[in-house]
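Residues 16 to 447 (the working numbering) are what the sequence shown spells out, left to right.
I have placed the structure first, in the form of C-alpha cells, so that the comments after it can refer back to it.
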Amino acid sequence: PVAAGRVATLAGPGEFRDRLLALIAGARERIVIAALYLQDDEAGREILAALHAAKFVRPALEIFVFVDWHRARRGLIGRERSPGNAALYRDWAERCGPGVAVMGVPVKTREVLGVMHLKGFVVDDTVLYSGASLNDVYLGRNGRYRLDRYHVIRDRRLADSLTGFLLRTVGESPAVSPLDGDPEATRAPLRPAVARLQHALRRARYPFSGGTVRKGEVGITPLVGIGGRANELNAAVLELIGRARKRLVVYTPYFNLPGPVRRAVDGRLNAGCQVTLVVGDKVANDFYIPPEAPFKAIGALPYLYESNLRRWCRARQRFLDAGLLEVRLWRDGANTYHLKGLLADDEWMLLTGHNLNPRAWRMDLENGLLVHDPHHLLRAQNRAELARVLANARRVESWKSLETLEDYPAPARRLLKRLARTAVDRLVNQVL
16 PVAAGRVATL
26 AGPGEFRDRL
36 LALIAGARER
46 IVIAALYLQD
56 DEAGREILAA
66 LHAAKFVRPA
76 LEIFVFVDWH
86 RARRGLIGRE
96 RSPGNAALYR
106 DWAERCGPGV
116 AVMGVPVKTR
126 EVLGVMHLKG
136 FVVDDTVLYS
146 GASLNDVYLG
156 RNGRYRLDRY
166 HVIRDRRLAD
176 SLTGFLLRTV
186 GESPAVSPLD
196 GDPEATRAPL
206 RPAVARLQHA
216 LRRARYPFSG
226 GTVRKGEVGI
236 TPLVGIGGRA
246 NELNAAVLEL
256 IGRARKRLVV
266 YTPYFNLPGP
276 VRRAVDGRLN
286 AGCQVTLVVG
296 DKVANDFYIP
306 PEAPFKAIGA
316 LPYLYESNLR
326 RWCRARQRFL
336 DAGLLEVRLW
346 RDGANTYHLK
356 GLLADDEWML
366 LTGHNLNPRA
376 WRMDLENGLL
386 VHDPHHLLRA
396 QNRAELARVL
406 ANARRVESWK
416 SLETLEDYPA
426 PARRLLKRLA
436 RTAVDRLVNQ
446 VL
C-alpha cells in the first residue's frame, strides 16, 4: 500500500524531463534506470551528462542504466549503419571514468525475436514510471514530442522492488554486460547465457510483499512478464479488462491488439460496459513517413495499423452507434503518440510500457505497475490525464470515416497489396 498523496501524474514530456533531471541532480543514494534505449542525441546526452555530474558530486552514488543490448549497438531504422548508442557510452566512460554503468540486456539472441522493454526510473525512494525511453522526442526537445504517460510514486518498498529485480535478477546474469566495452563484441558467445537468462526471466517475479489497502491508500503491485505463457503481466491485463463494469479505457500506440485482448474487450462490450479506445492516428505513428519524403518499407506500418482498425470498427459498428464503443484517434501536428495502459471503473489502473500488441504479448520483456484504488483517490488525476489526451483525439463515428487502401500513397498501397496477397501482413502484425 502507498499513501495516495505520494502518487502524482505529470502533464507531459517537458514536465517529465524536468522532473527526471531534478531527481538525478538531487540523488543521494542510487539511480537505477530501465529503458529501451538512451539515445545519442541532444536529450540523451543531456541525461548522460546529468548522471555523470551526479556521480562526480557524490562519488558514493550508485548509478545503473539498463537498456536493450541489440538496440544499443545499431543505428536508427532507415538510417546509415552506425555503431549505435554504445559509442556514446564508451566516449563518456573514457572521458569521465566508469562511474555510470550502462548495461546491455539481450533477452533474445536477435532483436527481431524480442527486446528488453522494461521501464522505470528509480532515484533514491522515488519511482518515476513512464513508458518513455530517453531521446529528443520522448523528452520534448527541438520542437517535437512523443506523448506517453508519466507517474511519480514516492515509496521505498516499491523503489527497492524495482531496483532489486534489475540489479539481481537481470544485472547478475552473465548475459548482461557494460556497453562501454569492446565495440566488436558479437552475440555468438552470449547465446548460452542469453538462453539461461531467458529461462530465468520466465520464472522471475518482482520481490514484493503486499498488504491491506487502508483509508487514504492505494495498492501498487509491480509485475513483469516475457513470452505468451505463464506471463503475470499479460494475465493482469486480461483480469483488469474483465473487472471493468461501467467503463474501460485502453491506451495503445498502434492498433494491433493480441487475440486474447480483443476477445476480452468484446466481452466487456457485449456485457454493456462502455469502452474507450485511444490510439494514435497514422500520422502520429513513429514510423509515419510524409508522402513528400522518400518512402521506406517501414513506412507502411501506420497504414497497416489503420487498416486493422478499420476492419475492427466495421465488425463493431453497432457498438459505435450505441455509444458503448468510443474510438479516438490522437493527432497533434508533427508530434507522435505512444501511450500505453488501462483504466477500469476509476478503481483499477495499469501503468506499463507494454504496447498491447502481439510482439509485447509474446516476445518482449515487459513490466508494469498494477494500481488498485478502491477509494477512488486518484480519480481526479486519471480523469485529468484522459481529458488532456482526448483534447487532441478526434472521435471515430463510423468505420467508413477511416481511409481505405485506395486513399493511401502509391508506395504504401502497392506494398500493402503485395503483403496481403502473400499473407505476409499477418506475420508483420505478429512481430512489429
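Here a beta-carbon is modelled for each residue, glycine too, at the ideal position from N, C-alpha and C.
Tell whether a beta-carbon distance below 8 Å holds between residue i and residue j.
i: residue 22; j: residue 339; result: no
i: residue 449; j: residue 319; result: Outside the shown range of the chain (16 to 447) lies residue 449, about which nothing can therefore be said.
i: residue 184; j: residue 219; result: yes
i: residue 408; j: residue 344; result: yes
i: residue 34; j: residue 155; result: no
i: residue 355; j: residue 119; result: no
i: residue 49; j: residue 133; result: yes
i: residue 260; j: residue 360; result: yes
i: residue 51; j: residue 80; result: no
i: residue 152; j: residue 367; result: no
i: residue 271; j: residue 100; result: no
i: residue 321; j: residue 187; result: no
i: residue 269; j: residue 300; result: yes
With residue i and residue j assumed to form a contact (beta carbons below 8 Å), what rounded beta-carbon distance in angstroms separates them?
i: residue 232; j: residue 28; result: That pair is no contact at about 29 Å.
i: residue 307; j: residue 410; result: About 29 Å separates the two Cβ atoms, so there is no contact after all.
i: residue 2; j: residue 371; result: Because the chain here runs from 16 to 447, residue 2 falls outside it and cannot be looked at.
i: residue 129; j: residue 324; result: No, residue 129 and residue 324 are not in contact; Cβ-Cβ is about 25 Å, not under 8 Å.
i: residue 243; j: residue 374; result: So it is not a contact: roughly 11 Å between Cβ atoms.
i: residue 353; j: residue 162; result: 6 Å
i: residue 280; j: residue 256; result: 6 Å
i: residue 138; j: residue 64; result: The pair is not a contact, with the Cβ atoms about 16 Å apart (cut-off 8 Å).
i: residue 116; j: residue 78; result: 7 Å
Quick check: what's the CA-CA separation for residue i versus residue j?
i: residue 124; j: residue 179; result: 24 Å
i: residue 112; j: residue 89; result: 24 Å
i: residue 93; j: residue 290; result: Its pLDDT being 49, under 50, residue 93 is placed unreliably by the model, and nothing is read from it.
i: residue 70; j: residue 114; result: 7 Å
i: residue 288; j: residue 335; result: 12 Å
i: residue 215; j: residue 420; result: 44 Å
i: residue 236; j: residue 382; result: 11 Å
i: residue 20; j: residue 234; result: 13 Å
i: residue 405; j: residue 167; result: 22 Å
i: residue 181; j: residue 434; result: 40 Å
i: residue 172; j: residue 223; result: 8 Å
i: residue 127; j: residue 229; result: 44 Å
i: residue 295; j: residue 401; result: 14 Å
i: residue 298; j: residue 265; result: 20 Å
i: residue 217; j: residue 136; result: 23 Å
Whose CA, out of the options, lies closest to the CA of residue i?
i: residue 160; options: 347, 74, 303 and 309; result: 347
i: residue 141; options: 272, 349, 47 and 324; result: 47
i: residue 176; options: 83, 100, 225 and 388; result: 225
i: residue 448; options: 270, 230, 256 and 194; result: The shown model of the chain, from 16 to 447, leaves out residue 448, and the question about it has no answer.
i: residue 369; options: 148, 399, 169 and 437; result: 148
i: residue 424; options: 325, 361, 416 and 303; result: 303
i: residue 275; options: 403, 251 and 73; result: 251
i: residue 75; options: 84, 44, 55 and 61; result: 44
i: residue 26; options: 164, 354 and 135; result: 164
i: residue 416; options: 352, 436 and 326; result: 326
i: residue 203; options: 196, 213 and 190; result: 190
i: residue 121; options: 85, 221, 139 and 337; result: 85
i: residue 385; options: 209, 126, 253 and 158; result: 253
i: residue 221; options: 240, 206 and 209; result: 240
i: residue 397; options: 227, 249, 262 and 329; result: 262
i: residue 58; options: 103, 24, 78 and 41; result: 103
i: residue 430; options: 311, 245, 211 and 73; result: 311
i: residue 212; options: 68, 131 and 105; result: 131
i: residue 282; options: 30, 258 and 248; result: 258
i: residue 395; options: 418, 422 and 362; result: 362
Distance cutoff 8 Å, beta carbons only. Does residue i sit that close to anything in chain B?
i: residue 184; result: Looking for chain B here will not work: only one protein chain is present.
Inset, instruction - Jot down the residue ranges of each uninterrupted beta strand (DSSP E) in the stretch 244-314, minimum 3 residues, whole runs only, in chain order. - result: 262-267 and 289-295
Legend entry - Continuous beta strand (DSSP E) assignments of at least 3 residues falling wholly in the stretch 323-378: 340-345, 356-359 and 363-367
Legend entry - Segments of 3+ residues assigned as beta strand (DSSP E) that fall wholly inside the stretch 32-76: 45-49
Legend entry - 3 or more residues per run - each beta strand (DSSP E) lying fully within the stretch 143-214: 165-169
Inset, instruction - List in chain order: all unbroken alpha helix (DSSP H) runs of 4+ residues lying wholly within the stretch 381-441. - result: 394-405 and 425-436
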